[in-house]
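Trainee: Residue numbers (this note's numbering): 6 to 241.
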Ligand SMILES: N[C@@H](CCC(=O)N[C@@H](CS)C(=O)NCC(=O)O)C(=O)O
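Here it is, written out as structure tokens:
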């Protein structure tokens with residue numbers, strides 16, 4: 006029997022979403038426990054002393070997620086957990102066997118952090134204009150193969166699981182104009198992305214959003230509600 010795996014997550018969190026996607030793609034058994042990030046339970050530091058999601062307990066006895074066992078391994082950081090899942094499920098294809106493709110997957114994950122995550126959060130928080138988001142998307146687009154459903158090679162990998170949560174939120178934010186940026190900037194970014202220049206990226210994004218694992222794990226209504234709450238004060 007495999008070891009117990011409990012994921013502590015928050016539905017609107019793109020970092021938690023990466024791990025959910027990889028678990029579903031690997032067809033892995035797991036327990037999921039949502040953490041209210043606005044009212045964190047006092048026991049949560051036992052799972053992650055930094056207080057962030059995603060966090061995981063692995064192994065040890067099967068216990069109530071609210072009473073984590075000292076005997077389980079505790080893990081955090083979404084990209085570390087993605088690699089861990091690829092190691093746990095070597096036949097899932099989450100990481101290819103070929104060393105060159107493995108390096109490309111890791112490079113893509115690194116690039117997602119630098120070129121998508123780094124400019125995205127300052128944009129939705131209204132601190133930076135969207136130009137850096139577009140520059141980052143151009144960089145990522147340069148890594149994609151025309152016509153491929155996948156970030157790297159011909160199989161779903163942790164590179165796809167890493168970027169897909171951001172693609173889903175990019176669509177939601179640009180279609181609903183939700184963010185702390187000035188009114189209309191979300192729509193405007195969405196319009197910019199319709200330019201032929203971004204066609205390869207947008208085709209990949211479209212296919213990523215059609216994937217069953219994405220549909221199963223992305224609760225857009227919840228994200229819209231949360232983002233509206235988080236970004237309630239915005240510049241008119
Ligand atoms: N680098 C971390 C980032 C995790 C992160 O920032 N999680 C946010 C939710 S999206 C969180 O837990 N925030 C709660 C807090 O900081 O108190 C990862 O990749 O897992």
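A virtual CB, placed ideally from N, CA and C, is assigned to each residue, including glycine.
Residues in its own chain within less than 8 Å of residue 64 by CB, not counting five upstream and five downstream?
Mentor: Against the chain shown, residue 64 aligns to sequence position 59. Cβ neighbours of residue 64 beyond the five flanking positions: 8, 9, 76, 77 and 78.
Trainee: Taking all protein chains shown into account, do 16 or more other C-beta atoms lie within 10 angstroms of the C-beta of residue 61, making it buried, or fewer, making it exposed?
Mentor: As a working mapping, residue 61 is identified with position 56 in the chain shown. Buried.
Trainee: Could you round the C-beta distance between residue 26 and residue 35 to whole angstroms and report it? I think they count as a contact, below 8 Å.
Mentor: For the purposes of this step, residue 26 is taken as the residue at position 21 of the chain shown. For the purposes of this step, residue 35 is taken as the residue at position 30 of the chain shown. Going by Cβ atoms, the distance from residue 26 to residue 35 rounds to 12 Å, so no, they are not a contact pair.
Trainee: Should residue 48 go down as buried or exposed, given a rule of 16 or more other Cβ atoms within 10 Å for buried?
Mentor: Along the chain shown, read from residue 1 onward, the residue named residue 48 stands at position 43. So residue 48 counts as exposed.
Trainee: Can you tell me where the alpha helix (DSSP H) holding residue 38 begins and where it ends?
Mentor: The residue given as residue 38 occupies position 33 in the chain shown. Run containing residue 38: none in the alpha helix (DSSP H); it sits in the beta strand (DSSP E), 36-39.
Trainee: Per the DSSP calculation, residue 14 is bridged to which residue(s)?
Mentor: Mapped onto the chain shown, residue 14 falls at position 9. Note: residue 14 sits in a beta bridge opposite 39.
Trainee: Closest by CA to residue 51, which one among 33, 67, 80 and 42?
Mentor: In the chain shown, the residue the question calls residue 51 occupies position 46. With distances taken between Cα atoms, residue 51 lies closest to 80.
Trainee: Do the CB positions of residue 107 and residue 99 come within less than 8 Å of each other?
Mentor: Taking the first residue of the chain shown as position 1, residue 107 is located at position 102. Taking the first residue of the chain shown as position 1, residue 99 is located at position 94. No.
Trainee: If contact is defined by three or more beta carbon pairs under 8 Å, each pair taking one atom from either stretch, is the region 197-214 in contact with the region 138-147?
Mentor: In short, these stretches touch, since the Cβ pair count reaches three.
Trainee: Consider the C-beta atom of residue 81 and the heavy atoms of ligand 1; say whether any pair is separated by less than 7 Å.
Mentor: For the purposes of this step, residue 81 is identified with residue 76 of the chain shown, where counting begins at 1. Yes - ligand 1 has a heavy atom lying nearer than 7 Å to the Cβ of residue 81.
Trainee: Taking the beta strand (DSSP E) that residue 79 falls in, what are its first and last residues?
Mentor: Numbered from 1 along the chain shown, position 74 holds the residue referred to as residue 79. It spans 78-81 - the beta strand (DSSP E) in which residue 79 sits, taken as one unbroken run.
Trainee: What residues in its chain sit with their C-beta under 8 Å from that of residue 240, if we drop five residues either side in the sequence?
Mentor: The residue labelled residue 240 in the question sits at position 235 within the chain shown. Its pLDDT being 48, under 50, residue 240 is placed unreliably in this model, and the value from its coordinates should be taken loosely. If we look at residue 240 and ignore the five residues flanking it on each side, its Cβ neighbours are 131, 185, 186, 187 and 188.
Trainee: Which residue wins for smallest C-alpha separation from residue 33, given the options 218, 233 and 229?
Mentor: As a first step, residue 33 must be located in the chain shown, where it is residue number 28. Of the candidates 218, 233 and 229, the one whose C-alpha sits nearest the C-alpha of residue 33 is 218.
Trainee: Mark residue 4 as exposed unless 16 or more other C-beta atoms lie within 10 angstroms of its C-beta, in which case mark it buried.
Mentor: Any answer about residue 4 is impossible in this case: the structure gives the chain only from 6 up to 241.
Trainee: Out of 170, 237, 195 and 196, state which residue places its alpha-carbon closest to the alpha-carbon of residue 212.
Mentor: As a first step, residue 212 must be located in the chain shown, where it is residue number 207. The shortest Cα separation from residue 212 among 170, 237, 195 and 196 belongs to 170.
Trainee: Measuring from the CB of residue 13, is there a heavy atom of ligand 1 at a distance below 7 Å?
Mentor: Stepping through the chain shown from its first residue, residue 13 is reached at position 8. Flag unset: Cβ of residue 13 not near ligand 1.
Trainee: Buried or exposed: which applies to residue 23, given that a residue is buried once 16 or more other Cβ atoms fall within 10 Å of its Cβ?
Mentor: On the chain shown, residue 23 is found 18 positions in, with the first residue counted as 1. By the neighbour-count rule (16 or more Cβ atoms within 10 Å), residue 23 is buried.
Trainee: Inspect the beta-carbon positions of residue 174 and residue 19 and report whether they are closer than 8 Å.
Mentor: Walking along the chain shown from the start, residue 174 turns up at place 169. Walking along the chain shown from the start, residue 19 turns up at place 14. Contact flag set, yes.
Trainee: Can you tell me whether DSSP reads residue 58 as helix, strand or coil?
Mentor: Looking up residue 58 in the chain shown gives position 53. Three-state result, residue 58: coil.
Trainee: Would you list the residues sitting across from residue 63 in a DSSP beta bridge?
Mentor: Residue 63 sits at position 58 when you count from the first residue of the chain shown. Paired residue(s): 10 and 78.
Trainee: Do residue 97 and residue 156 have their C-beta atoms closer together than 8 Å?
Mentor: Against the chain shown, residue 97 aligns to sequence position 92. Against the chain shown, residue 156 aligns to sequence position 151. Their beta carbons are not under 8 Å apart, which means residue 97 does not touch residue 156 by this criterion.
Trainee: Any heavy atom of ligand 1 within a distance shorter than 7 Å of the CB on residue 184?
Mentor: As a position in the chain shown, residue 184 is number 179, starting the count at 1. Residue 184 Cβ: outside cutoff for every heavy atom of ligand 1.
Trainee: Helix, strand or coil for residue 118 per DSSP?
Mentor: Counted from its first residue, the chain shown places residue 118 at position 113. Residue state, collapsed to three classes: helix.
Trainee: Should residue 61 be counted as a contact of ligand 1 given a C-beta to heavy atom distance under 7 Å?
Mentor: Residue 61 sits at position 56 when you count from the first residue of the chain shown. Result no, Cβ not under 7 Å from ligand 1.
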